[in-house]
Every structure is written in C-alpha cells, then in structure tokens.
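Numbering (this note's numbering), first residue to last: 8 to 233.
The structure under discussion appears below in the form of structure tokens.
Shown next, in the form of structure tokens:
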C-alpha cells in the first residue's frame with residue numbers, strides 16, 4: 008500500500024472540516040479519471056474530524072453537513088471535492104501530464120482554418136503559455152478542454168469538425184483494416200462486394216493528413232464520402 012495522506016473537506020470558512028486517510032498513489036490516479044471505487048482508496052475506513060488525533064466524526068455531525076450518513080457517498084464527496092496533501096514534485100508531474108493530454112487532443116481535433124492543417128504541438132503549447140492557461144492537477148483533462156480552447160481562440164485560429172472517408176481494401180484485409188481505421192475514428196458503415204470491402208470511417212479533422220498518409224502506406228484507397 009502507498010503512503011497514507013490526508014484529504015480535508017469543508018463547506019467554507021468557519022464551517023466544520025472532515026478528513027480521510029487515503030492511499031496516496033491510488034487516490035492520485037482516481038482523481039485523474041474519477042473512475043473506480045472511492046472506498047478502495049481508504050487507508051482507514053473512518054471519517055475523521057481530526058485524522059492525526061484519531062478523532063472520528065459522529066453520525067450526527069455527518070448528517071448535519073452532508074445530509075446523509077451513507078459513508079460511501081460521504082467518502083466520494085470528500086475525495087472529489089476536498090483538499091489533498093501533495094508534494095510540489097507530484098503536482099508538477101500531474102500538471103505536465105494533463106497539459107500534454109490537452110495539447111494532444113487539440114492537435115488531433117482542431118486545425119488552422121487558413122491551412123486546414125493541425126497546429127504543431129509546440130505552437131499550441133506556446134499559445135497556452137501566452138494565454139496564461141492554468142492546468143488543474145486533479146480535474147480530469149477532458150473537463151478542462153473547453154476552458155483551454157476558449158483561452159486559445161484569441162491567440163490562434165481553431166476550427167474543429169469531423170471528416171468522413173470511404174476506404175476500399177481487399178476483402179482479405181477487412182479485419183486488419185477495421186482495427187487500423189478504428190484507431191483513427193468511428194466506423195460508420197461496412198460492406199463487401201466480391202473480393203473487396205468498403206468501410207466508411209469518420210475521423211477528427213486534425214487527423215486527416217496523418218490518416219491519408221497511413222492509407223497510402225497501406226496501399227488502400229481512401230476517398231471523401233459525399
């Protein structure tokens with residue numbers, strides 16, 4: 008088990024606070040996705056008023072603040088909305104990882120409307136610095152994307168959307184093609200005619216150049232759907 012740390016939750020200044028002792032690494036990972044069982048993160052299965060002193064919150068106190076004595080619901084709320092102990096090194100690592108994920112998303116899903124090509128990742132990162140974008144180390148990257156896009160629009164032009172292609176492959180390559188095309192986007196339609204298969208796939212506009220290059224290397228025909 009990783010080193011236990013404290014998460015503290017309060018509804019506001021002057022309000023009572025509550026604490027949990029949780030497993031550090033497991034909790035950091037949970038906060039990146041908010042997926043999993045919050046109860047499994049507990050190092051000690053109690054809700055405390057003061058974890059260091061071992062002062063456990065009473066049922067009455069929990070109901071007064073949380074409106075319930077359902078421990079699972081209370082634990083989930085404290086973990087997701089409370090303040091967590093974290094080293095500066097760990098905070099920087101989480102911020103770097105989330106920034107990289109957001110940059111990757113923008114690179115794949117947005118293009119420069121003047122060139123219809125993706126902005127280089129280095130340009131997106133530079134624009135984020137110019138816009139003084141702050142990345143929350145705990146909020147899932149997916150939840151921060153809209154805010155980041157809004158901050159970037161005055162600095163770099165961004166156009167999003169989807170493009171659809173019909174890819175024709177030898178019937179013997181059908182299974183392989185499904186796997187490769189599925190990595191780029193959503194397969195919308197498939198059909199086989201004789202010794203060929205046609206697959207309609209919808210991809211993010213930012214992946215268009217990379218996608219067409221891949222189709223060329225596979226010697227598969229790709230044409231825009233009408």
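Idealized CB from N, CA, C, for every residue including glycine.
Start and end residues, beta strand (DSSP E) containing residue i
i           : result
residue 173 : 169–177
residue 200 : 193–200
residue 56  : 55–57
residue 36  : It is not in any beta strand (DSSP E) - residue 36 instead sits in the alpha helix (DSSP H) that spans 31–40.
Counted within 10 angstroms of its Cβ, other Cβ atoms place residue i as buried (16 or more) or exposed
i           : result
residue 135 : buried
residue 122 : exposed
residue 176 : buried
residue 64  : buried
residue 149 : exposed
residue 31  : buried
residue 179 : exposed
residue 70  : exposed
residue 45  : buried
Whether residue i touches residue j by CB criterion (8 Å)
i           : j           : result
residue 18  : residue 51  : no
residue 195 : residue 208 : yes
residue 232 : residue 156 : no
residue 229 : residue 219 : yes
residue 61  : residue 14  : no
residue 162 : residue 184 : no
residue 237 : residue 35  : Given a span of 8 to 233 for the chain in the structure shown, any question on residue 237 remains unanswerable.
residue 202 : residue 164 : no
residue 115 : residue 211 : yes
residue 81  : residue 12  : no
residue 37  : residue 48  : yes
residue 68  : residue 23  : yes
residue 131 : residue 142 : no
Residue i in three-state terms, based on DSSP
i           : result
residue 2   : Residue 2 lies beyond the stretch modelled for the chain, which goes from 8 to 233, so this question has no answer here.
residue 218 : helix
residue 91  : strand
residue 26  : strand
residue 18  : coil
residue 45  : helix
Limits of the unbroken alpha helix (DSSP H) element including residue i
i           : result
residue 73  : 66–73
residue 84  : 78–88
residue 155 : 148–159
residue 131 : 128–137
Item to check | Segment contact flag, the stretch 82–89 with the stretch 104–112, C-beta cutoff 8 Å, min 3 pairs | outcome: Segments in contact, no.
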